[in-house]
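S.K.:
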Amino acid sequence: MNEMAKIIGIDLGTSNSAGAVVMGGKPTLIPAAEGTTIGGKAFPSYVAFSKEGDLLVGEPARRQAVTNPENTIVAAKRKMGTNHIFKIQGKEYKPQQISAFILQKIKKDAESFLGEKVEKAVITVPAYFDDNQRQATKDAGIIAGLDVVRIINEPTAASLAFGLDKSKEDMKILVFDFGGGTLDVTIMEMGGGVFEVMSTSGDTQLGGTDMDKVILDFVIDDFRKNTGIDLSTDKTAMTRIREASEKAKIELSTVMETDINLPFIYHDQSSGTKNLEIKLTRAKLEELINPIVEKCKPSVEKALEDAKIPTSDISKIVLIGGPTRMPLVRKFISSLIGKEAESGVDPMEAVAAGAAIQAGIIAGDVTSDIVLLDVTPLTLGIETLGGVRELLIERNTTIPTSKNKVFTTAADSQTAVTIHVVQGERPMAADNVSLGSFNLTDLPPAPRGIPQIDVKFDIDANGILNVTATDLGTKKDAKITIEASSKLSKDEIEKLKQDAEKFADQDKKRKEKIDLKNEAESYIYTTEKLVTQDLKDKISQEQG
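Counting from 1 along the sequence shown, just add 1102 to a position and that's the residue number in the numbering used here.
#1: Which of the three DSSP states, helix, strand or coil, is assigned to N1534?
#2: Which residues bound the beta strand (DSSP E) around D1504?
#3: Reducing DSSP to helix, strand and coil, say where R1664 ends up.
#4: Are at least three pairs of beta-carbons, each pair with one atom in the stretch 1241-1251 and one in the stretch 1384-1395, less than 8 Å apart?
#5: Near A1202, which residues of its chain fall below 6 Å by C-beta distance, leaving aside the five closest residues on each side in sequence?
#6: Can you tell me the Cα-Cα spacing of A1458 and L1430, whole angstroms?
#7: Return helix, strand or coil for S1642, following the three-state DSSP convention.
#8: Which ranges would you report for the beta strand (DSSP E) in the stretch 1232-1308 if only whole runs of at least 3 residues count?
#9: In the DSSP assignment, find the unbroken beta strand (DSSP E) run with L1421 in it and report its ends.
#10: Evaluate Q1635 with the Cβ neighbour count: other Cβ atoms within 10 Å of its Cβ, from every protein chain shown; 16 or more gives buried, anything less gives exposed.
#11: Here's a check: name, in chain order, each residue in its chain whose Cβ is nearer than 8 Å to the Cβ of L1494, leaving out the five neighbours to either side.
#12: Tell me which same chain residues have a C-beta within less than 7 Å of the C-beta of T1628, skipping the five on either side of it?
#13: How far does the alpha helix (DSSP H) with T1311 in it reach, from first residue to last?
#14: Just the C-alpha distance for T1338 and T1360, rounded to the nearest angstrom, thanks.
#15: Ends of the beta strand (DSSP E) at T1481?
#16: May I ask you to report which of helix, strand or coil DSSP gives L1574?
#17: Apart from the five residues just before and just after V1524, which ones in its own chain have a Cβ nearer than 8 Å to its Cβ?
#18: Could you check if S1303 is buried or exposed, using at least 16 other CB atoms within 10 Å of its CB as the buried criterion?
#19: With DSSP run on the structure shown, which of helix, strand or coil describes P1400?
#20: Classify V1633: buried if its beta carbon has 16 or more other beta carbons within 10 angstroms, exposed otherwise.
#21: Going straight from the alpha carbon of N1153 to that of K1274, what length do you get?
#22: Just list the residues that DSSP pairs F1559 with in beta bridges.
#23: Return helix, strand or coil for V1447, following the three-state DSSP convention.
#24: Closer than 7 Å by C-beta to R1236: which residues in its own chain qualify, once you throw out the five before and the five after it? Chain order, please.
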């Protein structure tokens, strides 16, 4: 029997990304060609274009961000599912493309690591991602040349990594996933090999990058007070300070104080050269970031409320994401729940490891009775008369799922109805996220209230929504996969895929050029050495 090709697991993060694959029944992290970087993750979520137009991804992009800030993109994940456009060197890039460059880099390094082609992946998303954001993530995978076999929630992946060897225990786990750009609080029930998401809550705009920002503001303010110079308009200085702020934050998880030293941060004719030097203590850091940590509280309370359980029912706390290494964050969650958080799971690796386990189960590399039951994070419904949202699928419903409701017309002789699909918790449709709309036409004219329109919502295992509207009288129907406004067409995806391949081809040619140069230099060196040795031998023979 042929061994199935490896399916990799990818944690596509805001600040850092990671890849993993199951080897010998256990998840193994995929190393980047450049090795690990600041904070321990292999693939910083940085994409840049050099002055010559060469594409740089991961650590090479992060390294040059200081000198090339205007051509560097970080945290593109925050823009996934939106129509945001990144403009670089006169070209426009969508968030899906930027994410695809990161996925393509992980794919390439995974192939080098495994010594075989990688064509399939399981990719993680925050549990709080809506349909638009999930679709955008899937599109990014396709552009990168990957068949995305499953989109899985990050906390679900983390619990899988945590529970692989303990799946016989019955427990309720609170997963506190505090990453670079998003917070997810998920409560999961685990028993008999089944992981079931009981509730999920979070904030898509809260994370470690917010902490870096308050440290950065503090450093700039301190420098302004001491020198009268405002560095906030200097892009290069800002990039250097942001990087130093992140480094200081990471160091202060294990030490009580650290120094931020940035020589030659400022120079002009009148005031000359200035260096930036500041001592930062853990106590000061905690004072600065405490308001951000406190912002996590409502999400924890909401998750408990939705799961309908008291804190005393939580058996384990699993911490995910770099910021959870900080003593203040660990103390915050432990005091809120009333028990210590688990150790033994690396917060930076658990999500990728869990994605790899899910990939391994699909590929048959992991023999497991584990069943994952995800939930839809937000309520789904349609707009009805007067702009009221009529819900079809409540949030925290286990997926895959299917629900239908019968609606009717609002006016006499109405020959068409518009189905406007919305996602969110507000009673009025306009206050929720619009996922799109479509029309069911050619209805036979009839008095209002007579036609019977059956609207069916179907959510697949990836959390992606299909909607069907059927006129029960004529059996005429209209089907739609909810196309987010930011979702790309097949043609657009194909074009972007070709662009991505073109960059990969350029990389390959550049590598071949360098290899050839190295080979030539090596040949010249060897020849010179041989000639020199030969001459030496001849001279010594002649002298002899």
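Note that CB positions come from ideal geometry on N, CA and C, so glycine has one too. As the structure is a prediction and not an experimental result, all values here were calculated from the model.
M.R.: Looking at the coordinates:
#1: Looking at N1534 - three-state DSSP - the assignment turns out to be coil, as it is neither helix nor strand.
#2: The identity of residue 1504 in the sequence shown is Ser, whereas the question assumes Asp. Start and end: T1503 to F1509.
#3: Residue 1664 lies beyond the stretch modelled for the chain, which goes from 1103 to 1646, so this question has no answer here.
#4: no
#5: A1242, I1245, A1246 and A1602
#6: 30 Å
#7: helix
#8: 1249-1255, 1273-1280, 1285-1293 and 1296-1305
#9: K1418 to I1422
#10: The Cβ neighbour count for Q1635, taken over all protein chains shown within 10 Å, is under 16; the residue is labelled exposed.
#11: L1482, G1483, I1484, K1505, N1506, K1507, V1557 and F1559
#12: none
#13: G1310 to T1329
#14: 22 Å
#15: Taken as a continuous stretch (DSSP letters only), T1481 belongs to no beta strand (DSSP E), as it is neither H nor E.
#16: coil
#17: L1482, G1483, I1484, E1485, R1491, A1531, N1534, V1535, S1536 and L1537
#18: Buried, because 16 or more other Cβ atoms sit within 10 Å of the Cβ of S1303.
#19: helix
#20: exposed
#21: Residue identity differs from the one stated: residue 1153 is Lys in this sequence, not Asn. Straight-line Cα distance between these residues: approximately 52 Å.
#22: K1505 and V1569
#23: coil
#24: V1227, I1253, N1564, G1565 and I1566
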